[in-house]
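In order, the protein sequences belong to chains X and G.
Per the numbering used here: the first sequence = residues 53 to 282.
Per the numbering used here: the second sequence = residues 136 to 794.
Positions of the beta carbon are idealized from the N, C-alpha and C atoms, including for glycine.
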Amino acid sequence: MRIRIRFAKRGRVRWTSHRDVARMWERALRRARLPLAYTEGFSPRPKLSFGLALPTGCESEAEYLDVALSDTVDPADLTDTFSSLLPDGVDVLAAQALPAGAGSLQEDVTSCRWEIDVPQMGPDALAEVIGRVLHAETLPVTRERKGRPVTDDMRPSVLALSSRPSGTGAELVAELGTRPRGVRPAELAQVMGIELGLARRTNQWIERDGSRGEPLATPAAHAAVMERAS
Amino acid sequence: MTSLWPRIEPLLAHVTKPARYIGGELGACEPEHGAGRVAWLLLYPDTYEIGLPNQGLQILYEILNERADAVAERSYAPWTDMEAAMRAAGVPLFSVESSRPAADFDVLAFNLSAELTYTNLVNLIDLAGVPVRAAERTAADPLVIAGGHCAFNPEPMADFVDAFVLGDGEEAVGDVTEVVRRWQSQEARPPSQQDRDDLLVALAKVPGVYVPSCYEPAYRDGRLTGVSPRVAGVPATVEKRTITDLGAWPYPKQQLVPLIEVVHDRLNVEVFRGCTRGCRFCQAGMITRPVRERPAAQVQHMVRDGLDRTGYDEVTLTSLSSADFSGIEDTVSSIINDPECSGQVSVSLPSLRVDAFTVGLAAEIQKVRRTGLTFAPEGGTWRMRQVINKLIREEDLYSAVDSAFSQGWRRVKLYFLIGLPTETDEDVLGIAALARSCVEIGRRYHPNVTVTASVGGFVPKPHTPFQWFGQNTMEELRRKVNLLKDAARGTRGLTLRWHDPEATAVEGLVSRGDRRMGAVIESVWRAGGTFQEWTEHFDLRLWNDALAAAGLTFDDAVYRHRAEDEVLPWDHISAGLHRDFLWQDWQEALAEHGLEDCRWTPCYDCGACTGLGVEHVVASATAPAGGSQGTGQDLDSGGTVPVRFLSTRAPVLAGEPVG
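1. Grab me the residues of glutamate 305(G)'s own chain with a C-beta within less than 7 Å of its C-beta, minus the 5 sequence neighbours each way, in chain order.
2. Classify glutamine 242(X) as helix, strand or coil using the three-state DSSP reduction.
3. Do valine 641(G) and phenylalanine 673(G) have their C-beta atoms within less than 9 Å of each other?
4. Secondary structure at glutamine 719(G), three-state DSSP: helix, strand or coil?
5. Between which two residues does the alpha helix (DSSP H) carrying lysine 152(G) extend?
6. Can you tell which of Ile55(X), Arg165(X), Thr108(X) and Ala84(X) has its C-alpha closest to the C-alpha of valine 73(X)?
7. Rounded C-beta distance between histidine 554(G) and glutamine 606(G)? I'm assuming under 8 Å.
8. Quick check on DSSP: helix, strand or coil for threonine 131(X)?
9. Does glutamate 115(X) pass the burial test, meaning 16 or more other C-beta atoms within 10 Å, or should it be called exposed?
10. Judging by CA-CA distance, which residue of Met76(X), Gly221(X) and Glu227(X) is the nearest neighbour of methionine 206(X)?
11. Is the CB of alanine 498(G) under 9 Å away from at least one CB in chain X?
12. With 16 other CB atoms within 10 Å as the buried threshold, where does threonine 254(X) fall?
13. In whole angstroms, what separates the C-alpha of glycine 283(G) from that of glutamate 374(G)?
14. Within the same chain, show all residues whose beta-carbon is closer than 7 Å to that of proline 236(G), passing over the 5 residues directly before and after it, in chain order.
15. Looking at C-alpha atoms only, which residue of Leu526(G), Gly441(G), Ile463(G) and Ile523(G) is the closest neighbour of alanine 497(G)?
16. Mind listing which residues of the segment 171 to 199 of chain G have their C-beta closer than 7 Å to chain X's C-betas, in chain order?
17. Does the beta carbon of threonine 423(G) come closer than 9 Å to any beta carbon on chain X?
18. Answer yes if the segment 563 to 577 of chain G comes into contact with the segment 421 to 429 of chain G, meaning at least three C-beta pairs across the two stretches below 8 Å, and no otherwise.
19. With 9 Å set as the bound, which would you pick, yes or no: does the beta-carbon of threonine 608(G) sit closer than that to a beta-carbon of chain X?
20. Which full runs of the alpha helix (DSSP H) of 4+ residues lie inside the segment 267 to 332 of chain G, going along the chain?
21. Is the shortest distance between the beta-carbon of leucine 822(G) and the beta-carbons of chain X less than 9 Å?
22. Since glutamate 642(G) is in the alpha helix (DSSP H), which residue starts that stretch and which ends it?
23. Alanine 207(G) and leucine 176(G): beta carbons closer than 9 Å?
24. Fully enclosed by the segment 445 to 533 of chain G, which beta strand (DSSP E) runs are 3 residues long or longer?
25. How is the alpha helix (DSSP H) around glutamine 158(X) delimited, first residue to last?
26. How big is the Cα-Cα spacing for glutamine 722(G) and alanine 743(G)?
27. Can you list, in chain order, the residues of its chain whose CB lies under 7 Å from that of threonine 190(X), leaving out five sequence neighbours each side?
28. Report the residue from Asn200(G), Ala263(G) and Tyr156(G) whose alpha carbon sits nearest the alpha carbon of aspartate 216(G).
29. Closest to serine 136(X) by CA distance: which of Ser461(G), Leu161(G), Leu278(G) and Arg272(G) is it?
30. Please report how far the alpha carbon of glutamine 242(X) lies from the alpha carbon of isoleucine 182(X), in whole angstroms.
31. Taking the straight line between their C-alpha atoms, what separation do you get for glycine 103(X) and aspartate 380(G)?
32. Does chain G have any CB closer than 9 Å to the CB of glutamate 78(X)?
33. When you compare each of Met519(G), Pro485(G) and Cys738(G) to phenylalanine 416(G) by their alpha carbons, which one comes out closest?
34. Pull up the distance between the alpha-carbon of threonine 599(G) and that of alanine 224(G), whole angstroms please.
35. Per DSSP, asparagine 255(X) is paired with what?
36. Assuming the contact rule is C-beta atoms closer than 8 Å, glycine 126(G) and valine 586(G) should be a hit. Round their C-beta distance to whole Å, please.
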């Protein structure tokens with residue numbers, strides 16, 4: 053069977069990389085003595101797949117991991133087990149068995165929602181910058197790739213931006229698409245021409261046939277949705 | 136006490152690998168500082184990834200934190216980008232656990248494992264905001280202590296370090312803690328400069344502790360004539376500390392599991408300490424005698440418990456030659472047959488012995504993640520290997536390599552040294568010949584095998600039979616590397632790697648230097664020469680300039696043969712070895728005579744056992760199975776072997792004295 057786990061990354065541990073987090077999970081899964089399914093060959097590894105990489109330094113309330121198991125387990129038992137086996141700041145929010153044939157995180161996720169601190173800037177000033185960015189035809193970002201400068205247009209992936217007040221200045225709320233390619237908060241800062249502080253990914257969204265859902269909702273979010281529906 | 140974290144975190148967005156500075160490892164303590172506790176900051180003078188796995192520091196970390204009168208945290212050398220950011224923001228060196236300023240600790244304790252990190256040590260003291268020269272420190276400054284293998288020639292670092300701890304640290308850290316605590320609880324507060332001097336003298340009286348300021352070097356005609364006590368009551372010769380029973384120290388119990396990838400990123404369990412193979416170039420083998428094995432049951436417990444606790448899927452059984460561990464086969468099979476591990480745990484042995492037995496063992500334990508096998512014949516010809524006492528016959532190597540390739544390995548790595556005493560071009564070219572033959576053997580099994588010959592330049596080390604040898608010049612080493620490059624050219628599957636001869640020369644400079652080398656180290660540091668063990672930062676020019684300013688030369692300090700009666704800078708430091716044993720062994724080397732492993736043959740009276748009142752502690756009176764064991768030894772009858780058996784804990788004589 054496969055299980056999907058949603059976890060948060062908060063506090064100091066945000067300074068670890070996506071690869072570091074993958075290694076933390078490998079060790080935690082072994083310590084939990086789960087019946088992990090391994091790859092074949094001379095160098096067997098547990099079959100894990102993570103969603104979109106979270107840039108080093110960012111926090112998240114919506115990281116995902118799919119784990120392949122060689123036997124069935126009850127995912128409800130896993131949430132507490134894992135939180136005690138993972139470093140401080142990595143907390144499991146939900147775990148669920150995946151239906152057979154479920155798509156991969158990497159391919160399914162279409163956009164992410166971010167909340168980003170904008171220190172030393174008022175919400176109105178930020179709103180002005182947002183207006184300018186959203187009116188731009190193109191938002192080119194140049195980076196070095198294999199020693200050569202490559203320019204990509206960020207505009208198609210900047211889906212929505214809004215400003216709201218926060219304790220230290222303003223907060224930027226951004227919906228960023230993953231196609232043709234994802235936009236990192238650092239690249240957003242570059243096209244907006246402002247300095248951004250701590251960035252927190254709050255959701256990853258899968259948009260399909262006009263409706264939008266999360267790969268795995270947290271129980272709290274799920275309850276809220278049910279409440280609104282009733 | 137204030138944490139520097141709010142000032143550190145803003146720097147992290149702009150540096151590489153920011154998680155080096157956040158701590159949070161599994162097994163890290165939550166430090167409780169307070170009156171009555173001596174606060175130790177344990178430092179490794181290289182990056183976090185290199186320093187964190189250091190077993191010595193991890194052992195001391197736990198032992199200190201278990202004590203009611205001590206607390207220990209850790210710190211490492213910030214990479215150059217972080218150091219620049221810290222200096223620009225006025226943030227001093229801090230601990231990774233509680234982000235506490237280094238200068239707030241009572242003791243800054245460094246591990247000294249590599250000579251090229253010495254300038255980093257000086258830099259870290261400075262980054263802590265503490266005067267780098269011991270003589271300029273006041274009673275308000277922390278004590279700077281250093282231990283580790285390089286401490287066996289403390290003189291080059293004598294200007295910067297208040298006290299060196301020689302040998303095993305398990306017991307010594309407790310003794311040092313007690314002296315410092317007693318001193319702190321004196322009535323006169325704040326302490327005066329005289330009080331600090333009193334503390335240093337008190338430390339100098341602790342066995343195994345060398346306090347440079349209590350000793351005075353003397354020179355005549357530019358040569359050292361001796362280092363002798365300048366205060367009463369301190370020993371003329373400082374003897375190393377030795378723990379007799381490794382089983383009494385099952386540390387680390389909580390090996391640190393870092394959040395980021397580090398070197399040796401796996402469970403490490405030390406199976407024995409010390410080595411009596413007697414390789415004459417090997418400082419570690421000489422200064423850690425005698426052999427003290429850990430009981431096999433304890434090893435098994437530490438492995439099982441460690442895997443459970445850490446979630447690692449790989450364990451290394453560490454020592455200087457782990458295949459020599461008496462319980463090796465049982466230990467290994469207990470790990471790989473453990474149902475809990477379900478075949479997913481791999482075991483590795485560092486420094487494999489060169490023989491088919493060892494390869495068989497390796498085949499059994501590396502069922503998963505089989506990468507490459509490494510052997511260390513060290514010398515290219517049998518003559519050369521007799522000189523260095525690494526008695527591996529060509530056929531031993533070939534049968535080991537044959538058995539590796541036949542059992543599925545595709546990559547074999549061979550370690551060699553060049554610049555060894557009495558070495559000729561024939562010996563050097565022998566390296567290429569051996570490696571080529573290994574490729575040919577491999578081709579019988581697979582068309583695409585690779586053999587890597589890794590060639591290091593030999594640096595004579597203190598307390599070894601080669602301590603008198605004049606190191607090869609960097610030009611000579613470069614010529615020998617070129618000989619090898621030519622000889623290796625055109626052999627498909629053979630890769631040659633070599634160590635930079637310039638870095639080898641500088642390592643030699645610092646390794647056997649006397650106290651005058653301190654000025655050289657300081658000027659290299661002042662000129663910005665940190666991370667000298669990193670190729671991208673190593674700068675020979677800085678060392679040349681510093682040497683010239685100090686009136687010293689490579690010719691005299693590194694390349695010159697020492698005479699039998701010459702005073703060596705570490706003559707007042709004892710690793711337990713008799714000087715005449717080392718000289719005799721040096722003469723044997725020049726005569727191309729090998730010497731057998733004294734664990735299973737008569738005693739050569741090197742001094743380590745008799746002088747320290749301890750014995751080899753092994754579980755078996757006979758060498759482990761497997762023919763020559765790569766030592767040339769075919770044991771038929773034993774002599775008087777002063778071994779102590781783990782099971783009986785009583786000396787057992789295995790036969791009549793010989794010779």
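Based on what the coordinates show:
1. Within the same chain, Cβ atoms closer than 7 Å to the Cβ of glutamate 305(G) are found at Ile194, Ile198, Ile378 and Trp384, the five residues on either side in sequence being excluded.
2. In the three-state scheme derived from DSSP, where H, G and I count as helix and E and B as strand, glutamine 242(X) is classed as helix.
3. Yes, they are a contact pair.
4. Three-state DSSP puts glutamine 719(G) in a helix.
5. Per DSSP, lysine 152(G) belongs to no alpha helix (DSSP H) and is neither H nor E.
6. Residue Thr108(X) is the option with its Cα nearest to valine 73(X).
7. The question names histidine, but residue 554(G) is glycine in the sequence shown. Contact between glycine 554(G) and glutamine 606(G) is confirmed by a C-beta separation of about 7 Å, below the 8 Å threshold.
8. In the three-state scheme derived from DSSP, where H, G and I count as helix and E and B as strand, threonine 131(X) is classed as helix.
9. Here glutamate 115(X) is buried: its Cβ has 16 or more other Cβ atoms, across all protein chains shown, within 10 Å.
10. Distance from the Cα of methionine 206(X) is smallest, within the candidate group Met76(X), Gly221(X) and Glu227(X), for Glu227(X).
11. Using a Cβ-Cβ cut-off of 9 Å, alanine 498(G) does not count as an interface residue toward chain X, since no Cβ of chain X sits closer than that to its own.
12. Label assigned to threonine 254(X): exposed.
13. So the two alpha carbons sit approximately 14 Å from each other.
14. Excluding positions up to five away in sequence, the list reads Leu139, Pro227 and Phe229.
15. Nearest to alanine 497(G) by alpha-carbon distance, out of Leu526(G), Gly441(G), Ile463(G) and Ile523(G), is Ile463(G).
16. Taking 7 Å as the Cβ-Cβ cut-off, the segment 171 to 199 of chain G has no residue approaching chain X.
17. Residue contact check for threonine 423(G) against chain X: no CB pair falls below 9 Å.
18. Verdict: no, contact absent.
19. Not closer than 9 Å to any Cβ of chain X, the Cβ of threonine 608(G) fails to qualify, so no.
20. If only complete runs of 4 or more residues are kept, the segment 267 to 332 of chain G shows the alpha helix (DSSP H) at 307 to 319, in order along the chain.
21. Lying outside 136 to 794, the shown extent of chain G, residue 822(G) is not represented and no answer is given.
22. Membership of glutamate 642(G) in the alpha helix (DSSP H) is indicated by the continuous run 636 to 646.
23. Taking 9 Å as the Cβ cut-off, alanine 207(G) and leucine 176(G) qualify as a contacting pair.
24. Runs found: 449 to 453, 481 to 483 and 508 to 513.
25. Here the alpha helix (DSSP H) through glutamine 158(X) covers 157 to 160.
26. Looking at the backbone, the Cα of glutamine 722(G) and that of alanine 743(G) are separated by about 20 Å.
27. In the same chain as threonine 190(X), and ignoring 5 residues on each side of it, the C-beta atoms closer than 7 Å to its own belong to Asp205 and Arg207, in chain order.
28. Nearest C-alpha to aspartate 216(G): Tyr156(G).
29. Taking serine 136(X) as reference, the option from Ser461(G), Leu161(G), Leu278(G) and Arg272(G) with the minimal CA-CA separation is Leu161(G).
30. Roughly 13 Å between the two C-alpha positions.
31. Glycine 103(X) and aspartate 380(G): Cα-Cα distance of roughly 50 Å.
32. Closer than 9 Å to some Cβ of chain G, the Cβ of glutamate 78(X) qualifies, so yes.
33. Ranking Met519(G), Pro485(G) and Cys738(G) by Cα distance to phenylalanine 416(G) puts Met519(G) first.
34. The alpha-carbon atoms of threonine 599(G) and alanine 224(G) are separated by roughly 46 Å.
35. Residue pairing by DSSP places asparagine 255(X) opposite Arg165(X) in a beta bridge.
36. What the structure shows of chain G is the stretch from 136 to 794, and residue 126(G) is not part of that stretch, so it cannot be assessed.
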